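**Q**
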Amino acid sequence: MVQISEVKDTQGKESRTAAHTHIKGLGLDEHGVAKRVEGGFVGQAVAREACGIIVDLIKSKKMSGKAILLAGAPGTGKTALALAISQELGPKVPFCPIVGSELYSAEVKKTAALMENFRKAIGLRIKETKEVYEGEIIELTPEEAENPLGGYGKTISHVIVGLKTAKGTKNLRLDPSIYESIQKERVAVGDVIYIEANTGSVKRVGRSDAYATEFDLEAEEYVPLPKGEVHKKKEIIQDVTLHDLDVANARPQGGQDVLSMMGQLLKPRKTEITDKLRSEVNKVVSKYIDQGVAELIPGVLFIDEVNMLDIECFTYLNRALESTIAPIVVLASNRGMTVVRGSDDDKKSPHGCPPDLIDRLLIVRTLPYNQEEIKIIISKRATLEGLRISHDALDKLASHGSTNSLRYALQLLAPAGILSKTAGRTEILSEDIEECEVLFLDSRSSTKILEQQSGYL
Ligand SMILES: Nc1ncnc2c1ncn2[C@@H]1O[C@H](COP(=O)(O)OP(=O)(O)OP(=O)(O)O)[C@@H](O)[C@H]1O
Ligand SMILES: [Mg+2]
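Using my numbering, count along the sequence shown one by one with no gaps and you end on 449.
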């Protein structure tokens, strides 16, 4: 399996910027009122406040099984709002973003793909008391032995791990298999870890704060020296999604023989998760919840460009929202009256959603920006991309933003920066923008040209 957890967080680095990098949250004050310019957001106050209420409802778990639609013209910040919601919810609440068209693939049925994403958006917090050895590593020495099979290599027979807590130290002599998981977690002397006594799995908690001045690594999390004994009972909290549980249980278990390995290679994992497996996982989950071992955390399933879904997906969506464990579904659409995909009659429906779904939605509208707001958004992006821009050029871009689209104006920014640099300047002037207008067309002029040339380029 691909280990996503090992990929280090790259946020906060100014060198790489994506379309929404400047969005840092909804930018509301403690009363839930939108500040005019905050969290990377400018204007769009009503929609931001509505999203703030949604975040509160999600956090207080009053919202599961509900659906929200963000509706508004292209480039009015719907995708940005959804991202801001996920940032406000924090990392512990699952947020699963998809685009409507993603559901269509040759391998997986679209309703199965939808189901998978539904389950990615439902979290489970499992609390377990486990017997662990915990402490700061003061010694980590693998002990080698001659390879029993002969040959030149040496094998590791044991690994000695010294663990220190505020109360004392303990040296453990561990099985070589644990050494592997120690290496996987990239553990070194000075780290605080715990080892589960039953399974031998190793978890890195962080770097001991005694080493806090050593390097100034932003990715590092410093933790205090653990209190109490090295060997103890510890409450361990694990956050997983239902999809994680499906995957973990779908993998062929046990059996190291070739046959089962072949099976593992030949079967794509997606087809292994059957409805039967899911309902079994559900059963165990509800048992855990009843026993108070686990807590359900309904997260958010965000479906961008919802008009790409067809009638079959919508029917499925309607049904899934009724089930006892359902996430909050946030939809976004920039369409007005549109034919629902796959419906037999050509009757149009608002936002490309069938009427029975529209009925149960809470709709949040995003409004077009005025020139002043567009100006602030553009200058925020310019700062983020490390570009300086003159007043004239900013005005010019902002007028593009209101006559064409905000996105077009934002997209001209980077090429204009390159033009100004080529001309040996450090600031974007209006002549750079003019040159860009010639080089890159906006959608309207492009459409016009196509119409004039009757569809041929
Ligand atoms: N209120 C805002 N404040 C700051 N930046 C914004 C705001 N609204 C939109 N943006 C930025 O403008 C760009 C376009 O917005 P976004 O992609 O969210 O539009 P959208 O409504 O999802 O459009 P579409 O319907 O085409 O998907 C993004 O880079 C976004 O971060
Ligand atoms: Mg969008």
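Quick reminder that beta carbons are idealized off the backbone N, C-alpha and C, glycines included. Predicted model only: the values in this text are computed from it and were never measured.
What distance in whole Å lies between the Cβ atoms of His235 and Glu108, which are believed to be in contact at a cut-off of 8 Å?
**A** Contact holds; Cβ gap of about 6 Å.
**Q** Can you tell me where the alpha helix (DSSP H) with Gly44 in it begins and where it stops?
**A** Looking at the DSSP string, the run of the alpha helix (DSSP H) that includes Gly44 is Ala37 to Lys51.
**Q** To the nearest whole angstrom, what separates the beta carbons of Leu404 and Leu389, a pair I think is in contact under 8 Å?
**A** About 6 Å; that satisfies the 8 Å criterion.
**Q** Keeping to the same chain, check which residues put their C-beta closer than 7 Å to that of Arg261; ignore five residues upstream and five downstream.
**A** For Arg261, the predicted model reports a pLDDT of 45, less than 50, meaning its position is unreliable; a value from the coordinates is still stated below. Only Val239 and Ala242 meet the Cβ criterion.
**Q** What residues in its chain sit with their C-beta under 8 Å from that of Lys102, if we drop five residues either side in the sequence?
**A** Same-chain partners within the cutoff: Leu95, Tyr96, Asp302, Glu304 and Cys305.
**Q** Report all residues from its chain with a CB closer than 7 Å to the CB of Ile368; omit the five preceding and five following residues, and keep chain order.
**A** Only Val29 and Val34 meet the Cβ criterion.
**Q** Exposed or buried, what is Val276 when buried is set at 16 or more other beta-carbons lying within 10 Å of its beta-carbon?
**A** Val276 is exposed by the Cβ-count criterion.
**Q** Is Thr71 near ligand 2, in the sense that its beta carbon is under 6 Å from a heavy atom of that ligand?
**A** Yes, since a heavy atom of ligand 2 falls inside the 6 Å radius drawn around the Cβ of Thr71.
**Q** According to DSSP, is Glu212 part of a helix, a strand, or is it coil?
**A** Looking at Glu212 - three-state DSSP - the assignment turns out to be coil, as it is neither helix nor strand.
**Q** What span of residues does the alpha helix (DSSP H) with Lys268 cover, start to end?
**A** Looking at the DSSP string, the run of the alpha helix (DSSP H) that includes Lys268 is Asp267 to Asp282.
**Q** Any contact of the segment 62 to 72 with the segment 270 to 286, i.e. 3+ C-beta pairs under 8 Å?
**A** Not touching, per the Cβ criterion.
**Q** Is any non-hydrogen atom of ligand 1 found closer than 6 Å to the C-beta of Gln36, if you look at the structure I gave you?
**A** Yes - ligand 1 has a heavy atom lying nearer than 6 Å to the Cβ of Gln36.
**Q** Count the other CB atoms, across all protein chains shown, that sit within 10 Å of the CB of Glu365; report buried if there are 16 or more and exposed otherwise.
**A** It counts as buried.
**Q** What residue range is occupied by the uninterrupted alpha helix (DSSP H) comprising Ala180?
**A** Looking at the DSSP string, Ala180 is not in any alpha helix (DSSP H), and its letter there is neither H nor E.
**Q** Would Ala318 be called buried (16 or more neighbouring beta carbons within 10 Å of its own) or exposed?
**A** Looking at its Cβ environment, which holds 16 or more other Cβ atoms inside 10 Å, Ala318 is buried.
**Q** Can you list, in chain order, the residues of its chain whose CB lies under 6 Å from that of Ile50, leaving out five sequence neighbours each side?
**A** Hits under 6 Å: Ile320.
**Q** Check whether the Cβ of Ile370 sits closer than 6 Å to any heavy atom of ligand 1, and report yes or no.
**A** The answer is no for Ile370.
**Q** Use the C-beta contact count for Val222: other C-beta atoms within 10 angstroms, 16 or more gives buried, fewer gives exposed.
**A** Val222 should be labelled buried.
**Q** Between Lys226 and Lys156, how many whole angstroms is the CB-CB distance? I'm expecting something under 8 Å.
**A** That belief does not hold up - the Cβ atoms of Lys226 and Lys156 are roughly 16 Å apart, past 8 Å.
**Q** Would you mind giving the Cβ-Cβ distance between Leu379 and Gly409, rounded to the nearest angstrom? I have them listed as a contact below 8 Å.
**A** About 4 Å; that satisfies the 8 Å criterion.
**Q** Identify the continuous alpha helix (DSSP H) that holds Met107 and give its terminal residues.
**A** Unbroken alpha helix (DSSP H) run through Met107: Lys102 to Lys112.
**Q** Let me check you understand the geometry: is the CB of Arg436 closer than 6 Å to at least one non-hydrogen atom of ligand 1?
**A** No, since every heavy atom of ligand 1 falls outside the 6 Å radius drawn around the Cβ of Arg436.
**Q** I need the DSSP call for Arg399, collapsed to helix, strand or coil.
**A** Helix.
**Q** Give, in chain order, every unbroken run of the beta strand (DSSP E) that is at least 3 residues long and sits entirely within the segment 377 to 433.
**A** Runs found: none.
**Q** Are at least three pairs of beta-carbons, each pair with one atom in the segment 288 to 301 and one in the segment 336 to 351, less than 8 Å apart?
**A** Contact holds: three or more Cβ-Cβ distances are below 8 Å.
**Q** Cα separation between Ile129 and Gly291?
**A** Between Ile129 and Gly291, the C-alpha separation is close to 36 Å.
**Q** Residue range of the beta strand (DSSP E) that Val285 falls in?
**A** Element bounds for Val285: n/a, residue is neither H nor E.
**Q** Run the proximity test for Asn326: is its beta-carbon closer than 6 Å to any non-hydrogen atom belonging to ligand 1?
**A** Yes, the Cβ of Asn326 comes within 6 Å of a heavy atom of ligand 1.
**Q** For Leu431, which residues in the same chain have their Cβ closer than 8 Å to its Cβ, ignoring the five residues on either side in sequence?
**A** Once the five neighbours on either side are set aside, the close Cβ partners of Leu431 are Pro407.
**Q** My assumption, with CB atoms under 8 Å, is that Ala59 sits in contact with Leu323. Please give the rounded CB distance.
**A** Yes, they are in contact, since the Cβ atoms of Ala59 and Leu323 sit about 6 Å apart, within 8 Å.
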